[in-house]
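Have a look at the structure below, then the notes.
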Amino acid sequence: MPRPPSLRIRRNPAWALGLILTLASAMGCGMAWDSFIESQIFFPDKVLVGDPGSFGLAYEDQWIETEDGLRLHAWWLPAAGARTVLVFFHGNAGNISHRLDNLRHLQAWGLSVLIFDYRGYGKSQGSISEKGLYADSRAALQAGLKRARENNCRLALFGRSLGGVAAVSVADQPQVAGVILESTFTNLGDMAKVHFPLPGVGRLRNRFNSLGRIPGVRAPKLFIHGDRDDIVPFELGQRLYQAAKEPKTWLTLTGAGHNDTYDLGGEAYFQKVREFLDRLPTSGI
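Counting from 19, one number per residue, gives the positions in the sequence shown under the working numbering.
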């Protein structure tokens with residue numbers, strides 16, 4: 019099953035030159051600056067490479083309407099006897115069809131999953147932006163709540179890589195029973211300093227800023243990170259964890275990079291996720 023990188027980074031001289039020039043003129047060109055940044059962050063793919071039914075998974079197509087009137091494409095994958103509805107926030111590349119292998123594991127664990135494409139990804143309408151990412155996340159949260167109420171389940175969020183930023187943006191809601199954040203980061207400024215240590219990139223700290231939001235998330239949190247992640251450094255995941263309030267749990271995946279977490283994590287990974295979800299409260303929906 020094809021699985022694109024959950025976070026892609028442009029690393030070439032033209033990008034660096036463009037960043038320098040754009041930083042130099044950022045104060046006078048707000049909209050152009052936003053467009054430039056977002057062109058380096060989002061890598062949507064419109065073509066679905068399959069669907070859950072192709073791999074023997076029970077599912078329904080679903081459409082989620084956003085507050086600004088767009089329709090987002092989603093898949094609802096119910097599991098018999100599930101106690102948890104998991105809303106899946108995927109990374110910045112590809113679309114929901116590139117997460118089929120992950121969905122197969124999650125449904126096998128007895129989780130009902132709602133996975134959706136952000137605007138501009140897959141069949142979803144519109145064009146992606148940071149503002150749109152947050153609006154789409156709010157819409158997906160409401161859709162997940164509806165499914166959880168219908169099925170008398172708790173609601174949990176799973177955000178991977180850039181999807182962690184999306185999940186954190188809505189995780190402060192009281193109906194959220196738990197949050198899993200895998201291979202995610204603090205903010206765009208910290209990421210830029212790692213990959214492009216150029217003058218002025220610190221100005222990006224208020225963009226895609228999970229570090230500023232995570233203290234407001236009161237639900238139990240599980241942080242997962244590979245110690246050989248060369249896309250989102252292990253240290254950024256730890257900084258986000260340290261800023262979070264209790265209750266929280268950290269899982270280091272020894273030897274794992276950015277895109278092979280559950281492959282290398284194996285049974286220890288699956289067991290930790292199951293234990294975390296099983297301990298979540300069932301009330302509050």
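Backbone N, C-alpha and C fix where the C-beta goes; we use that ideal spot for every residue, glycine too.
By the 10 Å Cβ neighbour count, where 16 or more other Cβ atoms means buried, how is residue i classified, buried or exposed?
i, result
"P251", "buried"
"M45", "Note on M45: pLDDT 42, under 50, position unreliable in the model; the coordinate value appears next. Label assigned to M45: exposed."
"K239", "buried"
"R297", "exposed"
"A32", "In this prediction, A32 scores a pLDDT of 46, lower than 50, which makes its location untrustworthy; the coordinate-derived value is nonetheless stated afterwards. Exposed, since its Cβ has fewer than 16 Cβ neighbours within 10 Å."
"L39", "Note on L39: pLDDT 44, under 50, position unreliable in the model; the coordinate value appears next. So L39 ends up on the exposed side."
"E200", "buried"
"A210", "buried"
"D208", "buried"
"N113", "buried"
"T202", "buried"
"D281", "exposed"
"T385", "Outside the modelled stretch of the chain, which goes from 19 to 303, sits residue 385, for which no answer is possible."
"A286", "exposed"
"L35", "Because L35 sits at a pLDDT of 45, beneath the cut-off of 50, its placement in the model cannot be relied upon, and the point is left open."
"H123", "exposed"
"E148", "buried"
"S57", "exposed"
Looking only at its chain, what residues have a beta carbon closer than 6 Å to the beta carbon of residue i, apart from the 5 residues adjacent to it on each side?
i, result
"L88", "R137, Q143 and G144"
"Y259", "F241 and W268"
"G150", "R137"
"F107", "G177, G181, A184 and A185"
"L222", "L206, G207 and A210"
May I ask you to report which of helix, strand or coil DSSP gives residue i?
i, result
"L206", "helix"
"S130", "strand"
"A274", "coil"
"P62", "strand"
"G99", "coil"
"A42", "Confidence at A42 is low in this model, with a pLDDT of 46, below 50, so its placement is unreliable and no value can be given for it."
"G68", "coil"
"L269", "strand"
"A34", "Residue placement at A34 is poorly supported in this model, since its pLDDT is 47, which falls under 50; the coordinates are not used for a value here."
Going by DSSP, what residue range makes up the alpha helix (DSSP H) through residue i?
i, result
"H123", "L118 to A126"
"R156", "E148 to E168"
"A237", "Where A237 is concerned, there is no enclosing alpha helix (DSSP H), given that its DSSP letter is neither H nor E."
"A261", "F252 to A261"
"S187", "Careful: S187 lies outside any alpha helix (DSSP H) and carries neither H nor E."
"P231", "In the sequence as displayed, the identity of residue 231 is Arg instead of Pro. Note, R231: alpha helix (DSSP H), S228 to R231."
The beta strand (DSSP E) with residue i in it runs from where to where?
i, result
"Q289", "Here Q289 belongs to no beta strand (DSSP E); instead the alpha helix (DSSP H) covers T279 to D296."
"A174", "R172 to R178"
"Q143", "Careful: Q143 lies outside any beta strand (DSSP E) and carries neither H nor E."
"R89", "R89 to L95"
"Q80", "E78 to E83"
"F107", "T102 to F107"
"L199", "G196 to E200"
Nearest to residue i by alpha carbon, out of the options?
i, options, result
"R246", "G283, G273 and F73", "G273"
"A97", "V67, V131, E85 and K290", "V131"
"R257", "S228, W94 and D281", "S228"
"I59", "S179, L104, D190 and G283", "S179"
"K64", "R223, I55, N110 and V103", "N110"
"Q80", "G182, D248, C171 and R165", "R165"
"L159", "L90, N224, E148 and V212", "L90"
"L75", "G255, Q193 and A126", "A126"
"L129", "Y139, S115 and R172", "R172"
"G196", "I55, N169 and R292", "R292"
"V188", "K141, G255, A157 and N169", "A157"
"F262", "D278, T279, I198 and L66", "Just to set this straight, residue 262 is Ala in the shown sequence, not Phe. Closest by alpha carbon: I198."
For residue i, verify whether its CB is less than 7 Å away from any heavy atom of the ligand ATP.
i, result
"V67", "With respect to small molecules bound, the structure shown includes none, and the ligand ATP cannot be examined in it."
Taking 7 Å as the limit between beta carbons, can you name the residues of its chain near residue i, skipping five residues before and five after?
i, result
"P70", "Y77, W93, L95, L118 and L121"
"A153", "T84, E85 and D86"
"T270", "H243 and D245"
"A42", "Unreliable placement is indicated for A42, whose pLDDT of 46 sits below 50; the coordinate value is still reported in the next sentence. Nothing listed; no residue qualifies."
Under 8 Å between C-beta atoms, does residue i make it to chain C?
i, result
"F241", "Here chain C cannot be found, since the structure has a single protein chain."
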